[in-house]
Structure formats: C-alpha cells, structure tokens
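Residues are numbered in my numbering as their position in the sequence shown, beginning at 1, plus a constant of 253.
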Amino acid sequence: MRMAAIFGLNQVVSHGFGLFLFAALLPLMRESISISNWQLAAIGALTQMSYLAGALLLGLIGHRIGTVRLALMTTSLTTALLFLMSQLRDPLHITLALIILAASASISWGTIVEIISRYASKTSCSTYMSCASSGTAWGYGANGLLILLVVPLFGWESSWMIAGAIGVLALMLSWNLLRGLAPDMTADLNSATHSGSNADSLVIPALRLLSVIIGERTAFFACLICFLVGFSAMPFSTWLNTYLDELGLPAALGGYTWTTVGITGMIAGLAIGKLADRKGNGVAFTVIFSGFAAGLIAFMFDPARWALLAGFGYGLMYFPMWGVVGGWVSQHYGPTATMQISGVCMVTFGLGGTLGNLLAGYLREVTGSLTMVYGALTLTSVLLVGLGLFISYSGRRLAAGSVAPQLADAA
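This is the structure:
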C-alpha cells in the first residue's frame with residue numbers, strides 16, 4: 254500500500270491543489286486581485302481544454318517519454334507552479350499557470366495508472382488505483398482546512414505556499430519510490446497473453462487507437478462509462494449550490510453536502526478498490542453507480558431532506574470510479590496500452606462533462622429551473638447502473654466460458 258499512499262498524495266497535489274484550490278480561494282483572492290467575470294469564464298474553459306489536451310497527448314506520446322520520468326516531471330512542475338501562484342497578481346499570468354496545472358494533472362494521473370498497472374499485483378491493482386484516485390477527495394478536505402485555519406491568520410498566499418510544500422514532500426517520496434523502478438516488459442507480455450492480444454498490443458499505434466476504442470469491448474465500455482459519469486457528475490457538482498438556492502434552501506446545506514462528498518470519497522477509495530479486486534470490477538461498478546442513482550432519486554423527491562444522501566452517492570461513485578476503470582482496463586491490456594486507453598477515457602469524461610453542462614445551461618434558460626436538469630442526471634445514473642449490471646453479468650459469462658474448456662481438457 255506504500256505505492257498507493259504516495260500516489261494518493263500526488264493526487265492531493267495535482268488535482269486537489271492544482272485543479273481545485275484556485276476555485277476554493279477565489280473569493281478571497283478577488284479582494285486583492287482584479288479578476289473579471291469573463292476572465293473567470295475563460296479560465297474555466299481553457300483549463301478544461303488543457304486537461305483534455307494533456308490526456309490526449311499522454312495517450313499519443315506518453316509511452317515514448319517514459320512514465321517514471323513523466324511522473325517526476327509533472328510533480329516537479331506542479332510544485333513549482335503552486336509556489337509561484339502565491340506571487341502572481343496579473344490575471345493573464347494566473348490563467349497561464351492554471352492552464353499548465355490542468356494539463357499536468359491529467360498527465361500525472363495517466364502515469365499513475367501505467368505505473369500501478371506495471372508494478373502492482375493483478376489481485377490488488379484496483380485497490381491501489383482507487384486509493385490513489387481518492388487523493389482528490391483528500392485534497393478537497395485539505396482545501397477546506399486551509400480556508401478555515403490558515404487563510405484567516407496568514408492570508409491566501411500562505412495556502413499556495415503550504416500546497417507547494419506538500420508538493421515537495423510528494424516529490425521526495427515519489428522519487429524515493431520510483432528511482433529503483435525499471436521498465437518490466439514481462440508485465441506487458443503477461444497482460445497481452447492474458448487478454449489474448451498480440452505482442453503489438455503493448456503499445457497501441459496512434460492511428461489504431463480509435464479503432465481499439467470502438468471495436469474492443471473493455472476499451473469501449475471504459476470510455477462510455479467515463480463519458481456518462483462526466484455527463485452526470487460534472488453538472489451535478491457545477492449546479493448543486495445554484496439549485497439549492499433556487500429552491501430557497503439554506504446555503505449551509507450545500508456546505509454540509511460537499512463535506513459529505515469529501516469524507517465519503519476518502520473512505521470509498523479503499524473500500525471500493527478492495528471490493529473490485531475480490532468480487533470483480535462489474536460488481537464494484539454496480540455498487541457505486543447504484544449508490545449514486547439512489548442518492549439522486551431520493552434528492553429529486555425531497556432535495557432538502559436527501560441532499561446529504563446525494564452527496565454520499567456522489568462521493569461513493571466519483572472518486573473510486575477512476576481506480577476501478579483503470580484496474581479493469583489493466584486486466585485486459587498491458588500497462589502502456591492501459592495508460593493510452595485511460596488517456597482517451599479522460600477525454601471522453603471531459604466531453605461528457607462539457608455536453609452535460611451545456612445541456613444544463615440550455616434547459617435552465619428554457620425552463621427557468623434546474624429541476625429538469627437533475628431529472629436528466631438521475632436518468633443517466635440509472636443508465637450507469639444498467640451498464641454496471643451488464644458488465645458484471647457478461648464478465649461472469651466470459652469467465653465461465655474460459656473455465657469450461659479447461660475442465661474439458663482435464664477430463
């Protein structure tokens with residue numbers, strides 16, 4: 254679990270701080286930095302595009318550079334930019350720094366997927382990845398502590414400095430972990446043999462990657478899951494506080510809901526990862542998507558009463574989902590191919606989130622309410638449950654089919 258803990262700390266730095274600390278500190282930073290609304294809109298759009306570009310770039314050329322080298326490079330770059338953010342005052346410079354942080358975060362997660370796929374045992378791969386991905390939830394919690402305990406005493410600049418210091422710690426631990434790792438092609442060959450693929454599946458050529466995503470079951474469903482999760486989860490988080498305000502509910506309810514999200518995500522990483530390794534990834538998908546769907550269904554009936562349950566379902570699903578998807582893909586592909594497919598998964602997640610937010614904005618403009626938006630998100634969550642059940646059922650059938658010939662040979 255040492256590897257999972259260190260990579261979880263990397264997620265705290267790259268995603269918790271690199272992607273979300275600015276949004277947490279924005280109301281406090283605007284007191285001393287003049288950032289207009291259109292500049293904020295540009296930051297939101299450009300950082301999302303940058304995250305997608307980083308994921309796509311990793312899928313296309315990451316294997317040429319080497320994931321160990323990339324992991325250390327992205328952690329170093331993120332740490333340097335976190336320190337720099339404490340000194341920046343020009344909105345243009347801040348925007349550029351956030352764009353680089355977003356790309357670095359997506360590349361960082363892709364390298365974590367590849368390294369865990371290569372060096373962790375197949376029986377614990379999903380656990381390691383889920384624990385690592387839940388580092389984002391710990392980052393949520395750390396941001397809250399910085400705002401409550403640090404900013405009132407030392408100012409918002411100190412939060413960026415502390416984030417940078419944690420980045421230094423993550424870099425030191427990562428370097429100590431990764432310096433002894435050497436490329437192990439045996440893991441790739443074993444994975445290729447296990448999946449029935451040819452040796453050329455170790456690295457999927459860029460021109461063939463799209464055909465693999467479309468034509469191969471595991472790769473296709475992994476990208477479809479990420480698209481649907483992006484379509485439902487991103488609008489849920491973007492519009493939640495606005496919807497609660499529209500209903501006349503107290504602002505504190507939104508705060509309690511997001512606290513529930515963070516705490517649930519911290520715990521779910523380990524629990525769901527172990528479930529995936531012991532009972533199968535299909536079962537894990539069904540559990541997390543069912544929790545998300547149940548929370549949204551209850552929330553639709555009575556938002557005031559069940560907002561915390563919706564937050565619980567969101568935290569249960571969103572944070573460990575990345576680890577379960579990565580662990581599932583790694584069972585069928587070699588580590589490098591897993592990294593490439595995970596990069597495409599992040600792209601489809603971003604596209605789903607963009608489409609979901611655009612639809613939410615359109616429906617709110619047309620109807621004047623967000624009720625229909627959350628109804629659409631609930632339907633999407635039910636579709637995810639069905640997808641999880643299908644993966645679980647078909648996985649059992651494939652496993653039974655592979656055992657039958659072995660029993661016949663033994664007879």
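Each residue gets a CB set at the ideal place from its N, CA and C atoms; glycine is no exception.
Taking residue i as part of the alpha helix (DSSP H), name the residues at either end of that continuous run.
i      : result
Lys532 : 504-532
Leu623 : No alpha helix (DSSP H) contains Leu623, which DSSP labels as neither H nor E.
Ser377 : That residue, Ser377, is in no alpha helix (DSSP H); it is neither H nor E in DSSP.
Met414 : 409-431
Leu401 : Premise fails: Leu401 is in no alpha helix (DSSP H) and is neither H nor E.
Arg255 : 255-264
To the nearest angstrom, report how far apart residue i and residue j are at their CA atoms.
i      : j      : result
Gly665 : Thr591 : With the chain covering only 254 through 664, there is no way to say anything about residue 665.
Ser339 : Leu636 : 43 Å
Gly315 : His268 : 19 Å
Ser377 : Asn429 : 22 Å
Ala524 : Ser289 : 42 Å
Gly648 : Thr620 : 42 Å
Pro573 : Phe538 : 10 Å
Glu410 : Leu281 : 10 Å
Ala324 : Ser645 : 33 Å
Met254 : Gly526 : 12 Å
Ser293 : Arg283 : Note that residue 293 corresponds to Leu in the displayed sequence, not to Ser. C-alpha separation (whole angstroms): 11 Å.
Check residue i in the structure and name its three-state DSSP category.
i      : result
Asp555 : coil
Ile368 : helix
Phe270 : helix
Glu499 : helix
Gln584 : coil
Arg342 : coil
Ile457 : coil
Arg317 : helix
Met592 : helix
Ile466 : helix
Glu284 : coil
Ala390 : helix
Ser357 : helix
Ser383 : helix
Ser289 : coil
Ala294 : helix
Leu608 : helix
Ala547 : helix
Judging by CA-CA distance, which residue of the options is the nearest neighbour of residue i?
i      : options                        : result
Ile520 : Cys476, Cys384, Leu506         : Cys384
Thr633 : Leu549, Ser339, Ala295         : Leu549
Gly603 : Ile296, Cys479, Arg255, Ile314 : Cys479
Leu422 : Leu460, Ala295, Ser329         : Ser329
Leu462 : Thr620, Ile594, Ala294         : Ile594
Gly394 : Ser289, Gly639, Met256, Gly508 : Gly508
Pro488 : Ala390, Arg531, Leu611, Ser386 : Leu611
Leu351 : Leu274, Ala418, Glu367         : Leu274
Thr348 : Val456, Met256, Gly579, Leu334 : Leu334
Tyr381 : Tyr627, Glu618, Gly522         : Gly522
Asn534 : Leu502, Pro344, Gly576         : Gly576
Leu642 : Asp555, Met599, Val540         : Val540
For residue i, decide whether its Cβ has a neighbour in chain D, counting only Cβ atoms nearer than 7 Å.
i      : result
Ala294 : In summary, chain D is missing from the structure at hand, where a single protein chain is found.
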